[in-house]
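Participant:
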Amino acid sequence: MIISWCVHADIMRPMAESTQRAIIHVDMDAFYASVECLDEPSLRGQPVIVGGLGPRGVVATASYEARVFGVHSALPMSRARRLCPRAHFIRPRIARYREKSAEVFAIFREFTPLVEGLSLDEAFLDVSGSLKLFGNQAEIGALIKQRIQQETGLTASVGLAHNKFLAKLASDVQKPDGLVTVDPQKVHAFLDPMPVKRLWGIGKRTAPRLKALGILTIGQLRRSDISIIKPVLGNRSDHFLRLSRGEDDREVKPGRPDKSISHEVTFDRDLADRTELLAELQRQAESVARRLRAQGLMASTVTVKIRDPGFHTVTRSRSLRACSNSTQTLYRMARALFEKWRESHRTKPVRLLGMGVSGLENAQAPDHDTGDRLDSRGEQDIDRVFDSINQRYGDAGIVHGQTMRRKKT
Ligand code: DCP
Ligand code: MG
């Protein structure tokens, strides 16, 4: 029995180990904005900016027509309005983006079970085992792009390479609607001219220190002696040298894009009132818990994020005794974390408040049925009623009492 399984596994093993892997990275173009243009055709070809519309909102994304004006993700919305006043400004509709994301991911899974979602609009695919079925890697890449376009009405940029690192860089170099292959023989030609900050982990702090050593490009890093870079890159020097040579042996790990779910809000004015802050936290717990339940998930850790008017941000996390997706259980933990912070910041106003969950697990896992649930039967029943009403009447159909109070004030 065991022997036959081994033989079978050998036959089934994708060509990965004998030859190189075939990795595809797909990233949707201006994702939120493109979905808005899809649903409202009059927006097509126009500058469209999606993000928070309040006085302190930030840009989630902008259509390529708006990017020409210098608008990009994470820019304060007030600045985006100055840069491109004639743009269409739209509040995000995450539920709708999730629907489109699910359509795109369903297409990925027709080509390979090895799909690793990184976010709603981005995934790695290992198609090493699919080559005989669908054609060579470039053909599969083109086919995926075509099917996304035909079936979802959206465009994607696709990178093809023999590892994740190169595939991800490749999908980015010809955006939007790009299709770029990194030839394994021409890895240095591809990487060498790129700035060092294209390497994962080299950011605003490290790049200037490398620059001081005369290292601006990946090529210059690749040719550097490890003793030169060690004072800056420390025990990660080897890792970065490997990346600079285009080496990366991480596998595509199939899994869901949501490793965490969170909700946060920047208030229009700083808020110091405890009741109002707790009401906001309750609303967030409700939204996060509902998303968990909708995806059949439970979380093991709750995180609260608090930013004060001086932009000092703290996050506080704690694990639950057992996984949960109950609004009240998540809220109780978030409230406890918040109250703990408040003990030492008694009257400090809050600029941003957020809560999130991580350590996500399938709610159907057997230990959850019989396990040590923190949520009472009654609370689970209430959640179910809320979910069904919200499904019929939209997200704000029904909210907990405390949330209601905040909405009225
Ligand atoms: N997003 C966000 N806040 C950010 C960055 C992104 O809310 N700071 C959201 C909006 C994006 C989506 O995530 O539409 C995907 O992020 P990408 O970085 O892939 O950006 P886009 O898909 O919008 O544009 P691109 O064409 O550059 O991929
Ligand atoms: Mg994208």
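The sequence shown begins at 1140 in my numbering and counts up by one.
Every residue, glycine too, gets a C-beta built ideally from N, C-alpha and C.
Can you give the Cα-Cα distance for residue 1302 and residue 1320, rounded to whole angstroms?
Facilitator: For this step, residue 1302 is matched to residue 163 along the sequence shown. For this step, residue 1320 is matched to residue 181 along the sequence shown. Roughly 11 Å separates the two Cα atoms.
Participant: Do residue 1178 and ligand 1 come close, with the Cβ less than 6 Å from some heavy atom?
Facilitator: The sequence position of residue 1178 within the sequence shown is 39, counting from 1. Because no heavy atom of ligand 1 lies under 6 Å away, the Cβ of residue 1178 does not count as near it: no.
Participant: Which class does residue 1357 belong to by DSSP, given the choice of helix, strand or coil?
Facilitator: Residue mapping note: residue 1357 aligns to position 218 of the sequence shown, counting from 1. Residue 1357 falls in the helix class under three-state DSSP.
Participant: Give the range of the alpha helix (DSSP H) segment to which residue 1188 is assigned.
Facilitator: Residue 1188 sits at position 49 when you count from the first residue of the sequence shown. Segment 1187 to 1190 is the beta strand (DSSP E) holding residue 1188; no alpha helix (DSSP H) there.
Participant: Would you check whether ligand 1 has a heavy atom nearer than 6 Å to the C-beta of residue 1263?
Facilitator: By 1-based counting over the sequence shown, the position of residue 1263 is 124. No, Cβ of residue 1263 sits at least 6 Å from all heavy atoms of ligand 1.
Participant: Here's the rule I'm using: 16 or more other beta-carbon atoms within 10 Å means buried, otherwise exposed. How should residue 1467 be labelled?
Facilitator: Locating residue 1467 in the sequence shown gives position 328, counting from the first residue. Buried, since its Cβ has 16 or more Cβ neighbours within 10 Å.
Participant: Work out the CA separation of residue 1366 and residue 1346 for me, nearest whole Å.
Facilitator: Position 207 of the sequence shown holds residue 1346. Position 227 of the sequence shown holds residue 1366. Their backbone Cα atoms lie some 17 Å apart in a straight line.
Participant: Which one of 1196, 1485, 1168 has the shortest CA to CA distance from residue 1262?
Facilitator: To locate residue 1262, count along the sequence shown from 1; it is residue 123. The residue with the shortest Cα to Cα distance from residue 1262 is 1168.
Participant: Taking the alpha-carbon positions, what's the residue 1492 to residue 1270 distance?
Facilitator: By one-based count along the sequence shown, residue 1492 stands at place 353. By one-based count along the sequence shown, residue 1270 stands at place 131. About 48 Å.
Participant: Does ligand 2 have even one heavy atom less than 6 Å from the beta-carbon of residue 1260?
Facilitator: Reading the sequence shown from its first residue, position 121 is the one you call residue 1260. Yes, ligand 2 has a heavy atom inside 6 Å of this Cβ.
Participant: Inspect the beta-carbon positions of residue 1393 and residue 1266 and report whether they are closer than 7 Å.
Facilitator: For the purposes of this step, residue 1393 is taken as residue 254 along the sequence shown, with counting starting at 1. For the purposes of this step, residue 1266 is taken as residue 127 along the sequence shown, with counting starting at 1. No. Outside cutoff.
Participant: Along the chain, where does the beta strand (DSSP E) containing residue 1287 start, and where does it finish?
Facilitator: Counted from its first residue, the sequence shown places residue 1287 at position 148. Segment 1276 to 1291 is the alpha helix (DSSP H) holding residue 1287; no beta strand (DSSP E) there.
Participant: For residue 1380 and residue 1391, what's the separation of their Cα atoms in angstroms?
Facilitator: For the purposes of this step, residue 1380 is taken as residue 241 along the sequence shown, with counting starting at 1. For the purposes of this step, residue 1391 is taken as residue 252 along the sequence shown, with counting starting at 1. Taking the straight line joining both Cα atoms gives about 22 Å.
Participant: Please list, in chain order, all residues of the same chain as residue 1159 whose beta carbon is under 7 Å from its beta carbon, the five residues on each side excluded.
Facilitator: Indexing the sequence shown from 1 puts residue 1159 at position 20. Same-chain partners within the cutoff: 1301, 1323.
Participant: Have a look at residue 1330 and residue 1268 and give me their C-alpha separation to the nearest angstrom.
Facilitator: Along the sequence shown, read from residue 1 onward, the residue named residue 1330 stands at position 191. Along the sequence shown, read from residue 1 onward, the residue named residue 1268 stands at position 129. Roughly 27 Å between the two C-alpha positions.
Participant: Output the boundary residues of the alpha helix (DSSP H) element that contains residue 1471.
Facilitator: Within the sequence shown, numbered from 1, the residue matching residue 1471 stands at position 332. 1466 to 1482 is the span of the alpha helix (DSSP H), which, as asked, contains residue 1471.
Participant: In whole angstroms, what separates the C-alpha of residue 1173 from that of residue 1290?
Facilitator: In the sequence shown, counting from the first residue as 1, residue 1173 sits at position 34. In the sequence shown, counting from the first residue as 1, residue 1290 sits at position 151. Computed Cα separation, rounded: 14 Å.
Participant: Tell me the DSSP bridge mates of residue 1227?
Facilitator: For the purposes of this step, residue 1227 is taken as the residue at position 88 of the sequence shown. In the DSSP output, where bridge partners are listed per residue, residue 1227 has 1187.
Participant: On the CB-based measure, 16 or more other CB atoms within 10 Å of its CB, does residue 1362 come out buried or exposed?
Facilitator: Looking up residue 1362 in the sequence shown gives position 223. The residue in question, residue 1362, is exposed, as its Cβ has fewer than 16 Cβ neighbours within 10 Å.
Participant: Buried or exposed, going by whether 16 or more other CB atoms sit within 10 Å of the CB of residue 1194?
Facilitator: Taking the sequence shown and counting its residues from 1, the one referred to as residue 1194 is at position 55. Under this definition residue 1194 is an exposed residue.
Participant: Grab me the residues of residue 1498's own chain with a C-beta within less than 8 Å of its C-beta, minus the 5 sequence neighbours each way, in chain order.
Facilitator: Position 359 of the sequence shown, counted from the first residue, corresponds to residue 1498. Answer for residue 1498: 1438, 1439, 1440, 1458, 1462, listed in chain order.
Participant: Within 10 angstroms of the Cβ of residue 1256, are there 16 or more other Cβ atoms? Answer buried if so, exposed if not.
Facilitator: Here residue 1256 corresponds to residue number 117 of the sequence shown, with the count starting at 1. Result: buried.
Participant: So, for residue 1288: in the same chain, excluding its five sequence neighbours on each side, which residues have a beta-carbon less than 7 Å away from its beta-carbon?
Facilitator: Here residue 1288 refers to the residue found at position 149 when the sequence shown is read from its first residue. Contacts found: 1294.
Participant: Excluding five sequence neighbours on each side, which residues of the same chain lie with their C-beta closer than 7 Å to the C-beta of residue 1507?
Facilitator: Working through the sequence shown from its first residue, we reach residue 1507 at position 368. Its pLDDT being 39, under 50, residue 1507 is placed unreliably by the model, and the measurement read from it follows with that caveat. Once the five neighbours on either side are set aside, the close Cβ partners of residue 1507 are 1437, 1462.
Participant: Looking at the secondary structure, which residues open and close the alpha helix (DSSP H) in which residue 1178 lies?
Facilitator: Taking the sequence shown and counting its residues from 1, one reaches residue 1178 at position 39. Segment 1170 to 1178, the alpha helix (DSSP H) holding residue 1178.
Participant: Could you tell me the alpha carbon to alpha carbon distance between residue 1216 and residue 1272, rounded to whole angstroms?
Facilitator: Counting from 1 along the sequence shown, the entry for residue 1216 is found at position 77. Counting from 1 along the sequence shown, the entry for residue 1272 is found at position 133. Their backbone Cα atoms lie some 47 Å apart in a straight line.
Participant: Is the beta carbon of residue 1170 within less than 6 Å of some heavy atom of ligand 2?
Facilitator: Against the sequence shown, residue 1170 aligns to sequence position 31. Yes, since a heavy atom of ligand 2 falls inside the 6 Å radius drawn around the Cβ of residue 1170.
Participant: Given that a residue counts as buried once 16 or more other Cβ atoms are within 10 Å of its Cβ, and exposed if not, what is residue 1428?
Facilitator: Locating residue 1428 in the sequence shown gives position 289, where the first residue counts as 1. Label assigned to residue 1428: buried.
Participant: May I ask you to list the residues that DSSP assigns as paired with residue 1264?
Facilitator: Along the sequence shown, one-based indexing puts residue 1264 at 125. Its beta-bridge partners are 1163, 1254.
Participant: Would you mind reading off the limits of the beta strand (DSSP E) that contains residue 1366?
Facilitator: Start at 1 with the first residue of the sequence shown, and residue 1366 comes out as number 227. Unbroken run through residue 1366 is the alpha helix (DSSP H), 1365 to 1372; no beta strand (DSSP E).
Participant: Give a yes or no on contact between the stretch 1408 to 1418 and the stretch 1196 to 1214, applying the rule of three or more CB pairs nearer than 8 Å.
Facilitator: The stretch 1408 to 1418 is not in contact with the stretch 1196 to 1214.
Participant: I'd like to know whether the C-beta atoms of residue 1399 and residue 1317 end up nearer to each other than 7 Å.
Facilitator: Against the sequence shown, residue 1399 aligns to sequence position 260. Against the sequence shown, residue 1317 aligns to sequence position 178. Not a contact, by the Cβ cut-off of 7 Å.
Participant: Just to confirm my understanding: we take residue 1483, look at its own chain, exclude 5 residues before and 5 after, and list those with CB closer than 7 Å. What are they?
Facilitator: By 1-based counting over the sequence shown, the position of residue 1483 is 344. Nothing listed; no residue qualifies.
Participant: Which residues in the same chain as residue 1175 place their Cβ atom closer than 7 Å to its Cβ, once the five residues preceding and following it in sequence are excluded?
Facilitator: Here residue 1175 refers to the residue found at position 36 of the sequence shown. 1182, 1187, 1189, 1229, listed in sequence order.
Participant: Just to confirm, does residue 1314 get its C-beta within under 6 Å of one of the non-hydrogen atoms of ligand 1?
Facilitator: Taking the first residue of the sequence shown as 1, we reach residue 1314 at position 175. The answer is yes for residue 1314.
Participant: Rounded to whole angstroms, what is the Cα-Cα separation between residue 1472 and residue 1233?
Facilitator: Walking along the sequence shown from the start, residue 1472 turns up at place 333. Walking along the sequence shown from the start, residue 1233 turns up at place 94. Whole-angstrom Cα-Cα distance: 25 Å.
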